[in-house]
Amino acid sequence: MKKFKENHNSDEQEQSDTAQEAKKELYKLFRTEFGRSPDVISSAPGRINLMGEHTDYNDGFVLPVAIDRRTYTAAGRRGGKLFIAFTKELGKKTSFDISTNRFERSNFWANYLKGAALLLNKYGAIQGTNFAIASTVPRGSGLSSSTAFVVSAVESLIHLYNLNVDKSEIPKIARQIENEFVGVQSGIMDPFVVTFAKANTAILLDTRNLQYEYIPFPKNLSILVCVTGLKRALANTEYNRRREECQQAVSALSKITGREIKSLRDVTLQDLDGAVNELPSLLYRRAIHIITENERVHQMANALRESNLTYAGKLMIESHLSLRSNYEVSSRELDSFVEVAEQLYGVYGARMTGAGFGGSVVCLANSEAEEELAKEISQKYKERGFDSGSVFIARTGSGLQIERS
Ligand code: GLA
């Protein structure tokens, strides 16, 4: 037990050193690019989701956790109407006039800033701003790197122009930017956890009314993030298709039951059983995933509260199987990670996290063996013939914050 504690302490120290380093570097980068210091640096974390996949656009429940990888946004007033932004990871500088609302497919990450300027302008006048952005969240891995970016950029603008925006509005603004200006039809889960997360907890969120509760994350439990390295080419189209299929299931079930059903959140297993002969089988499978997944969120929250890790792991495996067979959003790579992980002693469970198709698998493991397990999973995955892919150990992280002003 003592050994385990020491490991975590030195690890926390290491993480805070990395965070300090990242901030210092960004500060320097801003000075080099713009010849002066930033007025504010804000940051927001990436996330994994423990349970509740594809439930957020069905008014359902989710149980995400922020991780200790963050996106940092340094910003400074420049006057006029020009936004100039430099991203370290892409090594690119881009600029645009905030009074022209042209959105471009190619330079799509600039659309987040354009959307932010446009939406925040109703809270107060936004002026020309310099930005430098750096991130330790792996991009395109289903860990919400883009949400971390947009949430931190929104916060830096709020701070810079002294806008009267309540914190509870930030996830909604971020979601609107992603939906309307970037063209991703994502739900509320990611911007919500990225804004409100607390270290050492998961957030149990009811996406219908945004009521939430912090659930303690067990101390002897480690999060291993298995990144497939697969870009999710199909993800957007398939994601939108799943949303439509859920809508179709709602309409069909309303007709069959004679009840006005608003979303799959309001359908019980009994309703579904009664409709089994009339509901097309594809819609039945989509609906059964959502209904059972919502139940698993509550069961998982209880498992964490009671530190019943074996049960938590079992729920994760059930969730993955349902995402694979009923919701059909998994991939060979994601399935392989889950298969190799679940066979290892010390692993409680694993499942895909986020939208699916590519992205990452989250695996819950005994902290005492986290490093060996991460190595073993990575090696066994490669032995199956996949050459990209990596595994890293993540700690729980905190939500949106101002780092320096
Ligand atoms: C993506 C979306 C979320 C959520 C998940 C699936 O991450 O951004 O809103 O729908 O997929 O659970």
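Residue numbers (numbering that gives the first Met the number 0): 0 to 404.
Virtual Cβ for every residue (Gly too), placed ideally from N, Cα, C.
Source: prediction; values computed, not measured.
Quick test of your reading: residue i and residue j, contact by CB under 8 angstroms. State the CB separation rounded to the nearest angstrom.
i, j, result
"serine 221", "glutamate 375", "About 13 angstroms; that fails the 8 angstroms criterion."
"isoleucine 214", "leucine 203", "5 angstroms"
"glycine 59", "threonine 206", "6 angstroms"
"glycine 355", "leucine 322", "6 angstroms"
"serine 140", "valine 226", "5 angstroms"
"valine 39", "serine 404", "5 angstroms"
"leucine 252", "alanine 274", "6 angstroms"
"asparagine 219", "asparagine 365", "7 angstroms"
"histidine 53", "isoleucine 289", "7 angstroms"
"threonine 427", "tryptophan 108", "Nothing about residue 427 can be read from this structure; the chain reaches only from 0 to 404."
"alanine 43", "phenylalanine 82", "The pair is not a contact, with the Cβ atoms about 19 angstroms apart (cut-off 8 angstroms)."
"arginine 264", "asparagine 110", "That pair is no contact at about 31 angstroms."
"alanine 73", "phenylalanine 29", "4 angstroms"
Any heavy atom of the ligand GLA closer than 7 angstroms to the Cβ of residue i?
i, result
"aspartate 205", "no"
"glutamate 52", "yes"
"aspartate 189", "yes"
"aspartate 58", "no"
"asparagine 410", "Past the boundaries of the shown model lies residue 410; the chain is included only from 0 to 404, so the question cannot be answered."
"serine 185", "yes"
"alanine 354", "yes"
"aspartate 55", "yes"
Assign residue i to buried or exposed, taking buried as 16 or more other Cβ atoms, counted over all protein chains shown, within 10 Å of its Cβ.
i, result
"tyrosine 344", "exposed"
"aspartate 55", "buried"
"lysine 261", "exposed"
"serine 387", "exposed"
"threonine 31", "exposed"
"serine 112", "The amino acid occupying residue 112 in the given sequence is leucine; serine does not appear at that position. Buried is the call here."
"alanine 173", "buried"
"proline 217", "buried"
"valine 339", "buried"
"valine 183", "buried"
"glycine 396", "buried"
"arginine 68", "buried"
"phenylalanine 36", "Checking the sequence shown, residue 36 turns out to be serine, not phenylalanine. Counting Cβ neighbours within 10 Å, serine 36 comes out exposed, since fewer than 16 surround it."
"serine 151", "buried"
"arginine 295", "buried"
"alanine 124", "exposed"
"arginine 394", "buried"
"asparagine 293", "buried"
"arginine 350", "buried"
"aspartate 454", "Within the shown structure, residues of the chain are numbered from 0 to 404, placing residue 454 beyond reach of any answer."
"glutamate 154", "buried"
"serine 15", "exposed"
"glutamate 402", "buried"
"arginine 46", "buried"
"proline 137", "buried"
"glycine 398", "buried"
At least one CB of chain D closer than 8 angstroms to the CB of residue i: is that the case?
i, result
"glutamate 292", "No chain D is part of this structure, which consists of one protein chain only."
Any chance you could list the beta strand (DSSP E) runs of at least 3 consecutive residues sitting entirely within the segment 10-52, in chain order? 39-48
Whole beta strand (DSSP E) elements within the segment 285-354, 3-residue minimum: Fully contained in the segment 285-354 are the following beta strand (DSSP E) runs of length 3 or more, in chain order: 346-352.
Segments of 3+ residues assigned as beta strand (DSSP E) that fall wholly inside the segment 90-156: 91-96 and 128-134
What runs of the beta strand (DSSP E), each 3 residues or longer, lie entirely inside the segment 189-213? Scanning the segment 189-213 for uninterrupted beta strand (DSSP E) segments of 3 residues or longer gives 200-205, listed from N- to C-terminal end.
What residue ranges within the segment 362-396 form continuous beta strand (DSSP E) runs of no fewer than 3 residues, ordered along the chain? Listed in chain order, the beta strand (DSSP E) elements of length 3 or more contained wholly in the segment 362-396 are 389-393.
Runs of beta strand (DSSP E) wholly within the segment 213-293 (minimum 3 residues, chain order): 220-226
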